[in-house]
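For my numbering, count along the sequence shown from 1 and bump the result up by 17. Positions of the beta carbon are idealized from the N, C-alpha and C atoms, including for glycine. The structure displayed is predicted, hence computed values, not measured ones. This report concerns only the one structure given below.
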Amino acid sequence: MGRHGCGRIVGRMKTLLAYFQLMRLPAVFTAMSDIILGFLLTHGSFSPPISFALLLIASASLYLSGMVFNDVFDRKVDAAERPSRPIPSGRISTQKAATLGGLLMLAGVGAAQTVGTQSLIVASLLVVAILGYDMLLKNTFLAPLMMGICRFLNVMLGASAVAREINLWVKPQLRIAAALGLFIVGLTWFARMEAKDSHRGHLIGGLLVINSGLGALAWMLATYPWPRETNLSMVLAALGVVALTINRRLVQAILNPVPQNVQIAVKTMLMSYVMLNAILVFVWTANPQYAILTAALLLPTILLSRWMAVT
18 MGRHGCGRIV GRMKTLLAYF QLMRLPAVFT AMSDIILGFL LTHGSFSPPI SFALLLIASA
78 SLYLSGMVFN DVFDRKVDAA ERPSRPIPSG RISTQKAATL GGLLMLAGVG AAQTVGTQSL
138 IVASLLVVAI LGYDMLLKNT FLAPLMMGIC RFLNVMLGAS AVAREINLWV KPQLRIAAAL
198 GLFIVGLTWF ARMEAKDSHR GHLIGGLLVI NSGLGALAWM LATYPWPRET NLSMVLAALG
258 VVALTINRRL VQAILNPVPQ NVQIAVKTML MSYVMLNAIL VFVWTANPQY AILTAALLLP
318 TILLSRWMAV T
């Protein structure tokens, strides 16, 4: 292979990397952990596997589309604050990015429709929430709430592969999705000024909401009549370790609110989010293999985050 052939391969690899960076590929595995949790809450196993696989595709596609449209609508702000991102750097045109976002969104809705009516309804609500955040609400006080709603709906999407006559919007999935959504509200609040020095009061507010979400999960773990016996002390201890890991990074960022500390805290929370889902999976199924499978989604997240941003 000559130099020109090698040059073309290198160029294609750089273009592919730019698209992965545009989609924030490492973070998509956090969305997939929602689907594992939601599906197991209503099915108890990964059967039927086709429905489970289609919901994974739907969630991943919708999540990635949201990341793409985020950068499409934020391209002017990113040109000033994050000029190295794919669109402001010129590596990907706005038109190509918008086309990719639209195709991913269609793929997500199409996969959900194949599963059934309930999945189509939840996926459609998720599309409205994603576009509402990216197009209208990202720079308003409602942005953290809308992002929390997106995560809430993503968990419900995982639970949605049920017959039309079954009421999807009941506990435990409703309460668990709401608590995880509250955690994401706090995370989004905390991360809103991560590109520049954050205001301590702003960060403290995010910390309080984040811990409200963690507290709601702890309360549910301690009081909900779970279908299988589990070692509650061990589960609560695991949740405590996750909470301590998160709060250590939050406090460090509050004490010194420079972008690097805030971004590390946000990255820690996103990765810890997968562990929260793994803990809930274990409590609901009492199946360590399912919990390990969920936690294993951390591996691609960690590996890919070495080459591209998570947020």
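By the criterion of at least three beta-carbon pairs nearer than 8 Å, the region 63-78 is in contact with the region 118-134. For P105, the closest C-alpha among the options A35, P305, Y80 is that of A35. For D51, the enclosing alpha helix (DSSP H) begins and ends at 45-60. The way I'd put it, the region 287-300 does touch the region 44-63; three or more beta-carbon pairs between them come closer than 8 Å. Within the same chain, L54, I193 come within 7 Å of L297 by CB-CB distance, once the 5 residues on both sides are set aside. Residue ranges of uninterrupted alpha helix (DSSP H) with 4 or more members, entirely inside the region 78-146 and ordered along the chain, are 92-98, 111-132. Taking the Cβ atoms as the reference, A129 lies roughly 18 Å from V85, outside the contact range of under 8 Å. Beyond the five residues adjoining it in sequence on each side, A195 comes within less than 8 Å, by CB distance, of F169, A233 in the same chain, given in chain order. With 16 or more other Cβ atoms from the protein chains shown falling within 10 Å of its own Cβ, A160 counts as buried. Y307 carries a helical assignment under DSSP once its states are collapsed to helix, strand and coil. In the DSSP assignment, P276 falls within the alpha helix (DSSP H) that extends over 276-302. In terms of Cβ geometry, V172 and Q190 form a close pair [threshold 8 Å]. Under the DSSP assignment, G175 falls in the alpha helix (DSSP H) whose first and last residues are 160-175. In the three-state reduction of the DSSP assignment, A326 falls in the coil class.
In the DSSP assignment, N184 falls outside any alpha helix (DSSP H) and carries neither an H nor an E. By the neighbour-count definition (other C-beta atoms within 10 Å, threshold 16), F69 is a buried residue.
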